[in-house]
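Note sheet for the following structure.
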Amino acid sequence: MSARRLARVAATAHVYVVLTVYAVVCLFPLLWMLFTSLRPDVGEFDYDMSSFSATLDNYVKVLTRDAYREFLLNSAIISAAVVLVTMPIGAMAGYAMARFKFRGKDNLFFFVLSTRMGPPVAIAVPLFMLMLRFGLIDSKVGMILVYTFMNLGLSIWMCRGFFEELSPELEESAMLDGLDRWGVLLRVAVPLAMGGLVATAILIFLFTWNEYFFASVLTRADAKPFTVHLPSYFGNRRILWGPLSAASFLGAIVPIGLAIAARRYLVAVFTFGTVRGKR
Amino acid sequence: METARRVWQQPDVDRWSKRRRRLEPLWFLLPSLTVFAVFAIWPTIEAVVTSLSRYNLTEPNARRVFIGLENYRTMLADPTFWGDLVRSFQFVIASVTVTLLLGFYIAYLLFNANRGRNIFRILFLVPMTVSPAITALSFKFMFNYEFGVINVMLDGLIGKKLNLLGDAGLALWATAAIDAWIWTPLVVLILLSGLESLPVEPFEAAALDGAGAWDMLRSITVPLLKRFFLIAALIRIMDAFRVYEIIQLTTAGGPGNLSETLNVYIAKRGFSFFEMGPASAMAMILTFIIVAVGTVFVRQSSAFEEATS
């Protein structure tokens with residue numbers, strides 16, 4: 001083998017060895033969680049594999065003997081509702097930003113972006129007092145409202161980008177055919193931008209599903225999502241590692257599946273459209 | 280394009296009075312503006328007022344009493360505030376540096392992997408997709424001093440266990456490492472997008488001049504990716520200042536408060552001690568820091584939009 005060929009093989013090996021190692025690092029916590037969740041829960045955690053036999057006991061335990069199912073359901077209801085509220089009003093505002101000229105548009109634009117920049121803890125105090133006053137502590141409606149606000153800026157920003165990419169000619173001819181702007185938005189712009197809009201909706205569901213901080217401050221039991229319940233498996237004296245792993249795995253697979261479905265737009269969403277992934 | 284736009288701006292003057300047309304965007308924006316008014320503008324005003332008040336929810340019949348800059352003065356004299364502010368910066372610098380360097384290394388390798396790039400790209404999504412609450416708890420489990428799998432591996436590799444989350448000198452860096460683990464893939468994807476968008480001509484020219492891979496990387500690739508590095512860095516800096524779960528659910532700021540950042544301290548003063556005044560004052564300071572960083576980001580992204588449109 002010539003020296004040049006050897007160098008090329010070494011370079012290729014370098015690429016794939018490092019990428020594989022890094023992929024293992026990325027997946028390891030999830031795999032370890034899955035592995036732990038399938039072990040029989042026999043008290044202290046150990047590495048004695050002689051007794052290992054895969055069992056779904058931990059899943060049965062968290063889903064039937066614990067109220068974890070309700071917390072997962074709370075997460076699902078709140079996340080779905082947030083998408084259903086955020087996307088239509090975000091699409092409307094995004095369309096206005098993409099297609100209308102009006103005074104103060106640029107300022108509004110930066111204001112929308114700034115709503116996502118501030119630390120959540122800064123508005124947590126006034127939001128807590130607001131919810132307290134209106135009796136919305138520990139209510140799903142309250143959580144839906146808070147998360148709608150948290151994701152609205154992202155929704156507007158992404159929708160605007162998708163609508164701006166469309167050529168205005170189609171919308172113009174639709175208007176000449178007698179549609180008003182609402183009709184154009186609903187019948188022309190939204191169907192044409194559907195791919196990006198669905199991906200944005202999926203990722204807003206994901207962000208809401210994963211949220212912990214606001215939920216830990218604003219919910220107690222009735223509206224409690226699964227993220228807030230998880231730490232209760234991790235006691236100071238005793239770690240319920242079996243149920244913890246099973247519950248964590250159930251909470252993790254949903255967003256992983258969603259992110260893979262929306263992967264083409266993931267980078268754009270995380271970077272507010274400043275970086276476009278390969279479509 | 281220009282004529283198309285002009286036609287667009289003047290639809291059916293017969294049916295739409297000028298006034299109605301001017302108000303039209305408002306109807307599209309109204310629902311969003313309402314949400315922002317209730318959940319952004321009003322709470323921001325409230326937060327500013329609260330930061331200037333004495334307001335302790337644990338007192339019976341708590342009322343807000345205006346006390347001027349007293350809360351700010353108290354916080355600026357609080358050694359915990361300064362300690363946590365320093366730790367916030369340490370956390371941000373450590374996490375962002377690691378994510379950028381490792382992220383670029385992986386992105387560069389991924390760019391050179393012609394086969395399997397898409398599969399790796401999907402696998403790398405996992406850390407940033409799972410809830411930080413889940414990630415925090417699973418790392419707390421894996422970092423456990425007695426039986427955590429990471430410590431069992433460390434024991435095998437270096438013959439010694441590390442109390443990663445309990446040791447005074449390690450806890451903050453261990454939490455920063457978890458943060459870096461979560462967000463390195465985002466940097467990989469951002470920089471990979473950048474690499475995929477680069478023109479080939481400079482590389483061809485350099486290859487004709489006999490430049491090696493390392494020279495090209497240093498004097499062509501990295502300079503051309505400057506914008507992508509900047510975006511990645513700014514997003515990461517803003518996010519790292521806001522980290523909560525990764526610290527709260529692993530060390531809860533301990534031991535003592537040696538892994539406590541400003542963000543975690545604010546939540547503690549506000550929602551464990553219910554001292555809304557000092558918490559709001561610190562939140563204002565943290566917001567100011569993040570907005571200062573964010574403003575650079577907005578400038579950068581709008582400069583980019585102008586350059587490409």
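Here the protein sequences come in this chain order: A and B.
Position one of the first sequence corresponds to residue 1 (the working numbering), numbered consecutively onward.
Position one of the second sequence corresponds to residue 280 (the working numbering), numbered consecutively onward.
Where is the CB? At the ideal position from N, CA and C, for every residue including glycine.
CA-to-CA, the gap between D363 of chain B and S37 of chain A works out to about 36 angstroms. One thing to note: T208 of chain A has its Cβ within 7 angstroms of the Cβ of Y147 of chain A. Note that the stretch 23-34 of chain A does not touch the stretch 213-220 of chain A; fewer than 3 beta-carbon pairs, one per stretch, sit closer than 8 angstroms. When 7 angstroms is used as the limit between beta carbons, C159 of chain A is near no residue of chain B, the shortest such separation being about 10 angstroms.
Secondary structure note for P40 of chain A: it is in no alpha helix (DSSP H), with a DSSP letter that is neither H nor E. Looking at the DSSP output, E554 of chain B bridges to B:N335. Scanning its chain for C-beta atoms nearer than 8 angstroms, with the 5 sequence neighbours on each side dropped, one finds around V82 of chain A the residues I144, Y147, T148, N151, I204, F205, T208, in chain order.
By the CB criterion at 7 angstroms, V522 of chain B and D458 of chain B fall inside the cutoff.
Note that the C-beta distance between R160 of chain A and M97 of chain A is below 7 angstroms. Per DSSP, the unbroken alpha helix (DSSP H) holding M175 of chain A starts and ends at 168-176.
Beta-bridge analysis with DSSP links V405 of chain B to no other residue.
Assigned with DSSP and collapsed to three states, I239 of chain A falls in strand. Interface with chain B (7 angstroms Cβ-Cβ cutoff): V9 of chain A is excluded.
For the 7 angstroms CB-CB criterion, P126 of chain A and A326 of chain B form a contact.
Bounds of any alpha helix (DSSP H) do not take in T530 of chain B, whose DSSP letter is neither H nor E. Secondary structure of V327 of chain B (DSSP, three-state): helix.
Between the alpha carbons of S538 of chain B and G183 of chain A lies a distance of about 55 angstroms.
Rounded to whole angstroms, the separation of the alpha carbons of I123 of chain A and T274 of chain A is 26 angstroms. Taking a C-beta cut-off of 7 angstroms against chain A, the contacting residues of the stretch 502-531 of chain B are F507, I510, I514, M517, F520, R521, Y523, E524, L528, listed in chain order.
Take the alpha-carbon of V198 of chain A and the one of P191 of chain A: they are about 10 angstroms apart. Those residues of the stretch 382-400 of chain B placed with their C-beta closer than 7 angstroms to a C-beta in chain A are I385, L388, L389, N391, A392, F399, ordered along the chain.
Using beta-carbon distances, G43 of chain A does not count as an interface residue toward chain B, since no partner is under 7 angstroms. DSSP places F345 of chain B in the strand class (E or B) of the three-state scheme. Annotation: R103 of chain A to G556 of chain B spans about 37 angstroms, alpha carbon to alpha carbon.
In the three-state reduction of the DSSP assignment, F422 of chain B falls in the coil class. Around L113 of chain A, the same chain offers G153, W157, F272 as residues with beta carbons nearer than 8 angstroms, after the five sequence neighbours per side are excluded. The CB of N542 of chain B comes closer than 7 angstroms to the CB of P119, V121 in chain A, given here in chain order. As DSSP reads the structure, F234 of chain A sits in a beta bridge with A:I239.
Look at N442 of chain B here: in three-state DSSP terms it is coil, with no helix or strand label. For K224 of chain A, the three-state secondary structure derived from DSSP is coil. For M117 of chain A, there is no enclosing alpha helix (DSSP H), as DSSP marks it with neither H nor E.
Cβ-Cβ separation between A261 of chain A and I202 of chain A: approximately 6 angstroms, consistent with a contact (criterion under 8 angstroms).
For L230 of chain A, the chain B residues whose Cβ falls inside 7 angstroms of its Cβ are A412, I413, L416, in order along the chain.
Listed along chain B are F426, each with a C-beta nearer than 9 angstroms to that of D46 of chain A. Minimum Cα-Cα distance from A455 of chain B among the listed residues B:V371, B:V317, B:G448, B:F553 corresponds to B:V371. K61 of chain A places its beta carbon 7 angstroms or farther from that of P255 of chain A.
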